[in-house]
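Q: Just so you know, the protein sequences line up as chains A and B, in that order. To get the working numbering, take the position in the first sequence, counting from 1, and add 20. To get the working numbering, take the position in the second sequence, counting from 1, and add 583. Note that beta-carbon positions come from the ideal geometry of N, C-alpha and C, so glycine has one too. Keep in mind it's a predicted model, so treat the numbers as computed, not measured.
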Amino acid sequence: MMDWKYKGTCWKFGDNLGIDGDVMPLRFALERELDPTILKSHLMTGVDPEFPSKVSTGDIIVAGKRFGQGNPHIQGFLGMIGHNLGLVVESIPRGSFRNAINAGLPFLAGCENVTNLVETGDLLEVDFKTGDFQNLSQKTSHKFEPVDEQLQNIIEAGGWKPNLEKRLSRLSG
Amino acid sequence: MGKTITEKIFSRVTGKDVIAGDIVFPEPEIITVHDWYVVNFDSALEELGINKLYDPDKLIISTDHEPIAVSLQAAERQKKVREIVKKYGIKNFFDTGRGGHGHVFPVEMGLIKPGMFVEAYDVHVTNFGSVGALAIPVLIEITEVLACGSVWLKTPETVRVNLNGKMSLGTTIRDIAQKIINDLGADLVDYAVVEFGGSAMGSISIDQRHILCNTPIDIGAKSALVEPDQVTLDYLSNRVDGPLELISSDLDAKFREVVDYNLDSIEPQIATPPTPDCVVNISEVLGKKVHHAFIGSCAAPTLSDLEIAGKIIEGHKIHPDVRFIITPGTQEVMGKAQKLGLLNLFSEAGAMITPPGCGPCAGGRIGGLASGETSINTGTRNDYGRLGASDSEIYLGSAATVAASAIKGEIADPRDFLS
């Protein structure tokens, strides 16, 4: 069973981060690189070149509206998997929503105003299964709508390909 | 609370009470994939160790993007597609010279029925909405559908568009379709099904409905369909065996928005570079010199497109500086155009006829554009580089406008040729 509860440092970003460029350099999408251990070294370098060396496992990215906008490429989300991060955003375009599921990333979307509830460096505890969101540094807590349970099953399986393999073995079994 | 057509179709195929926003795994009744993606899905399945499809009888494969192989690579791909079809035992394979455009001939052949649920690799499968089917493109996740029978979808909301009134002479359904996507805008239709109805529909043919359902996907709609009616039944009566059921949205269904259009006052519309929703009245671009003209693609695949072009071209020659390419959508359309004398009329005027399928619109592999050239055509998209050189320009319009422009060598008003 995957642990849906993440406790870690908050890394806060603004609105309209582009999936290509801001979240992950475009060249990895063009090269169809899908290895999280390679992609993790380039995560968020479009907005913070030091990010991959500062972030730790279990940390949580909190961002504003239209996170991952642009041509839907999965590489940015796989980079987050490489660091074992969680993601909480105010909104996410549908192509990137689908890619976050397919990457197997625990995330909360549609979290209105969340960027006003945190600062970079705050200690957060987020339960991605229930939507419980606690800012331990500021001693506040909030409840957001979690991702649909059927989609949580895909994340639990590890993303698109492992989930498809599970479906196939169920079908043949 | 009542339901939209989309909610009813999703409820029927999942056996659940589904409303917009619900995440479901609806099983399509038909799946379509075109010649350029067959090798890809086969490789993806091989990688997963899969050697059989969930239900090969649901799958329609059509050779429409490159029916005439113009390179060794294309010939090799066609060979590989034929091998893959045999390997999985796919019966509904419409190879080059058989069906034609995969978004069109399944409707003509009566394979698509009102209320049916379809999934496809390619985005413009939404043409199946012309007979009231809901067809949703899932791009590369078609692999999961082929292997497991379904893939998750969020049930889309619906934007209802009511068309009223009557189109004036020289204005065609393509002009209406372009005006609608320009007016609605990407924000309103994002992830929604655009459902067409209204008092004008009784005079809008299935041919024309293909075009209405073709354009909304280009601004981010999930799909588009026409509420099926007597026109649908009349069209399908000698194409489909067995009874047909009409489906409509309930009076108290919840729509994201309801938009009413009066067709009377809409003039010919042109989409200017670089996207299909940069639409202006034709008067703003009249006189723009063109080198290339093309009628065809899934946005103008039917006999009615060729008929209006024929009306305009009759008695004229194509301008000496223009190369004019015509691609009938399907084998059936080609045959009918032949019988009506249209192919003869076009070739005598100086046009070229290609085999049925996508024609140049499939990335300009045939009949493309050189640098600095301008095209007026009925294709689906006008991104820079779509038909060849990255600095060539594409203007999109109706078959009538393209025909008039091919004669004059510049963007021309079709109303000048009709009376």
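Please check the pair A:P166 and A:L128, which I expect to be a contact at CB under 8 Å, by giving their CB distance rounded to whole angstroms.
A: Right, the Cβ-Cβ distance comes to about 7 Å (below 8 Å), so this counts as a contact.
Q: Could you please give the first and the last residue of the uninterrupted beta strand (DSSP E) stretch that includes B:V842?
A: Note, B:V842: beta strand (DSSP E), 840-845.
Q: Can you name the residues that DSSP bridges to B:A703?
A: Its beta-bridge partners are B:T615, B:P720.
Q: Write down every uninterrupted run of the beta strand (DSSP E) in the segment 879-954 of chain B whose length is 3 residues or greater and which is fully enclosed by it, in chain order.
A: If we require 3 residues or more, the beta strand (DSSP E) runs fully inside the segment 879-954 of chain B come out as 906-909, 934-936.
Q: To the nearest angstrom, how far is it from the Cα of B:A658 to the Cα of B:A652?
A: Whole-angstrom Cα-Cα distance: 5 Å.
Q: Does the segment 928-939 of chain B come close enough to the segment 854-870 of chain B to have 3 or more Cβ pairs within less than 8 Å?
A: Touching, no, given that fewer than three Cβ pairs across the two stretches are closer than 8 Å.
Q: Can you pull the chain A neighbours of B:I606, defined as C-beta to C-beta under 7 Å?
A: Residues of chain A passing the Cβ test: D168, Q170, L171.
Q: Would you mind telling me which residues of chain B sit closer than 9 Å to A:L188, beta carbon to beta carbon, in chain order?
A: Ordered by position in chain B, the residues that pass the 9 Å Cβ test against A:L188 are L631, G632, I633, A730, C731.
Q: Going by beta-carbon coordinates alone, are B:P611 and B:V668 separated by less than 7 Å?
A: Contact: no.
Q: Specify, as a first and last residue, the run of the beta strand (DSSP E) that A:Y26 falls within.
A: It spans 25-32 - the beta strand (DSSP E) in which A:Y26 sits, taken as one unbroken run.
Q: Using a C-beta cutoff of 7 Å, does A:R86 count as contacting chain B?
A: So, not an interface residue.
Q: If you draw a straight line from the C-alpha of B:K762 to the C-alpha of B:N745, how long is it?
A: C-alpha separation (whole angstroms): 14 Å.
Q: If you measure beta-carbon to beta-carbon, which residues of the segment 758-791 of chain B are closer than 8 Å to chain A?
A: Those residues of the segment 758-791 of chain B that come within reach of chain A (Cβ to Cβ, closer than 8 Å) are D773, Y774.
Q: Work out the CA separation of B:V607 and B:K919 for me, nearest whole Å.
A: In a straight line, the C-alpha of B:K919 is about 42 Å away from that of B:V607.
Q: If the criterion is Cβ atoms closer than 7 Å, does the pair B:P799 and B:Y774 meet it?
A: Contact: no.
Q: Ordered along the chain, which non-local residues of its own chain (more than five positions away) have a Cβ less than 6 Å from that of B:A945?
A: Correct list, in chain order: H648.
Q: Three or more beta-carbon pairs under 8 Å between the segment 776-791 of chain B and the segment 820-828 of chain B, yes or no?
A: Contact between the segment 776-791 of chain B and the segment 820-828 of chain B is absent, because fewer than three Cβ pairs lie under 8 Å.
Q: Using a beta-carbon distance below 7 Å, is A:R52 in contact with chain B?
A: Answer no: the Cβ-Cβ gap between A:R52 and chain B never drops below 7 Å.
Q: Is the Cβ of A:L184 closer than 7 Å to any Cβ of chain B?
A: Answer yes: the Cβ-Cβ gap between A:L184 and chain B drops below 7 Å somewhere.
Q: Can you tell me whether A:R187 is buried or exposed, with buried defined as 16 or more other CB within 10 angstroms of its CB?
A: So A:R187 ends up on the buried side.
Q: Check whether the segment 981-990 of chain B touches the segment 877-892 of chain B, counting contact only when three or more Cβ pairs, one atom from each stretch, lie closer than 8 Å.
A: Cβ pair count under 8 Å is three or more, so yes.
Q: What residue range does the alpha helix (DSSP H) around B:V985 cover?
A: 982-991 is the extent of the alpha helix (DSSP H) around B:V985.
Q: Give the list of continuous beta strand (DSSP E) stretches no shorter than 3 residues that lie fully inside the segment 99-147 of chain A.
A: DSSP runs (the beta strand (DSSP E)) wholly in the segment 99-147 of chain A: 106-109, 143-147.
Q: With DSSP collapsed to three states, give me the class of B:Y818.
A: B:Y818 falls in the helix class under three-state DSSP.
Q: Report, in whole angstroms, the separation of the C-beta atoms of B:G942 and B:F877, which I expect to be a contact under 8 Å.
A: Yes, they are in contact, since the Cβ atoms of B:G942 and B:F877 sit about 6 Å apart, within 8 Å.
Q: Quick one: measure Cβ to Cβ for A:S157 and A:L143, integer angstroms, because I've assumed they're closer than 8 Å.
A: Contact holds; Cβ gap of about 5 Å.
Q: Specify the secondary structure class of B:T597 as computed by DSSP and reduced to three states.
A: Note: B:T597 maps to helix in three-state DSSP.
Q: Quick one: measure Cβ to Cβ for B:P650 and B:I673, integer angstroms, because I've assumed they're closer than 8 Å.
A: In fact, because the Cβ distance is near 18 Å, the residues do not count as touching under 8 Å.
Q: Over the uninterrupted alpha helix (DSSP H) stretch that includes B:N765, give me the two end residues.
A: 756-772 is the extent of the alpha helix (DSSP H) around B:N765.
Q: Who are the near neighbours of B:D833 in its chain, counting only those whose CB is closer than 6 Å to its CB and skipping five residues on each side?
A: Excluding sequence neighbours, B:D833 sits near G585, K586.
Q: Find the residues of chain B that neighbour A:R47, judging by a C-beta separation of less than 9 Å, and give them in chain order.
A: Result: empty, since nearest Cβ-Cβ is about 20 Å, beyond 9 Å.
Q: Would you grab the beta carbon distance between B:L628 and B:L729 for me? Rounded to a whole angstrom, and I think it's under 8 Å.
A: About 7 Å; that satisfies the 8 Å criterion.
Q: Quick check: the segment 699-719 of chain B against the segment 805-822 of chain B, are at least 3 beta-carbon pairs closer than 8 Å?
A: Touching, per the Cβ criterion.
Q: Quick one: list the residues of chain A neighbouring B:E666, beta-carbon separation under 8 Å, in chain order.
A: The contacting residues do not exist; B:E666 stays about 23 Å from chain A at best.
Q: Where does B:V664 sit, in a helix, a strand or coil, going by DSSP?
A: DSSP places B:V664 in helix when its eight states are reduced to three.
Q: What does A:L191 touch in chain B if you count any residue whose Cβ is under 9 Å from its own?
A: Chain B residues near A:L191: Y637, A730, C731, G732.
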